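>
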Amino acid sequence: MNRLKQLQAQKGFTIIEVVLVLAIAGLIFLMVFIALPALQANQRDTGRKNDVSSILSAVTQFTGNNRGTFPDDAQLKSYAKDVSDNVTTVNVNSKKGAQDITTVDGVVVVTQSSLCSTIDGTGKVTLIAGTARQFTVVTKLEAGNGAGYCEQG
8 MNRLKQLQAQ KGFTIIEVVL VLAIAGLIFL MVFIALPALQ ANQRDTGRKN DVSSILSAVT
68 QFTGNNRGTF PDDAQLKSYA KDVSDNVTTV NVNSKKGAQD ITTVDGVVVV TQSSLCSTID
128 GTGKVTLIAG TARQFTVVTK LEAGNGAGYC EQG
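Spelled out as structure tokens, the structure:
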């Protein structure tokens, strides 16, 4: 009985309790570090979609201010000054109408006389012919194995 009272009087954690707490903390950190890159990729994709919308607005504004004339690369860059760091290059595609575009990371392609048709998971976007006033803005997203993203104006 005396030995039992001595054991109960000792304060502290057993090694099993300490290991259990460390294992739970390790699992929590592991889950956070696994989820963090996916969250960052989704944030970058949201930024890319916002950039596409900004470029779409810039092209619309340019054509409205210039009697329907479609901008070239230099003119579009002057209109779309505040595009974020997600976009490295904005290209105006010289080919018009129906075509397949393979998207490249950080590059936005603007194509005149086209509409978005299909997008596959490999970054390939198929455009169909549209009127002279219609255009598409295409880029590559990080999530979904680099799927393409297309908006039309």
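Each residue of the sequence shown is one higher than the last, beginning at 8 in my numbering. A virtual CB, placed ideally from N, CA and C, is assigned to each residue, including glycine. Remember, predicted model here, so these are calculated numbers, not experimental data.
1. Can you list, in chain order, the residues of its chain with a C-beta nearer than 7 Å to that of Ser124? Leave out the 5 residues immediately preceding and following it.
2. Taking the alpha carbon of Asn57 as the reference point, which residue from Asn152, Ala154, Val144 has its own alpha carbon closest?
3. Please classify Ser85: is it buried, with 16 or more other beta-carbons within 10 angstroms of its beta-carbon, or exposed?
4. For the alpha helix (DSSP H) containing Ala154, list its first residue and its last residue.
5. Could you check the C-alpha separation between Asp52 and Leu148 for me, to the nearest Å?
6. With distances taken Cα to Cα, identify the nearest neighbour of Ala154 among Thr67, Thr138, Ile126, Gly160.
7. Does DSSP put Phe40 in a helix, in a strand, or in coil?
8. If you run the structure through DSSP and keep just helix, strand and coil, what is Gln119?
Once the coordinates are examined:
1. Thr133, Leu134, Ile135
2. Val144
3. exposed
4. No alpha helix (DSSP H) contains Ala154, which DSSP labels as neither H nor E.
5. 6 Å
6. Ile126
7. helix
8. strand
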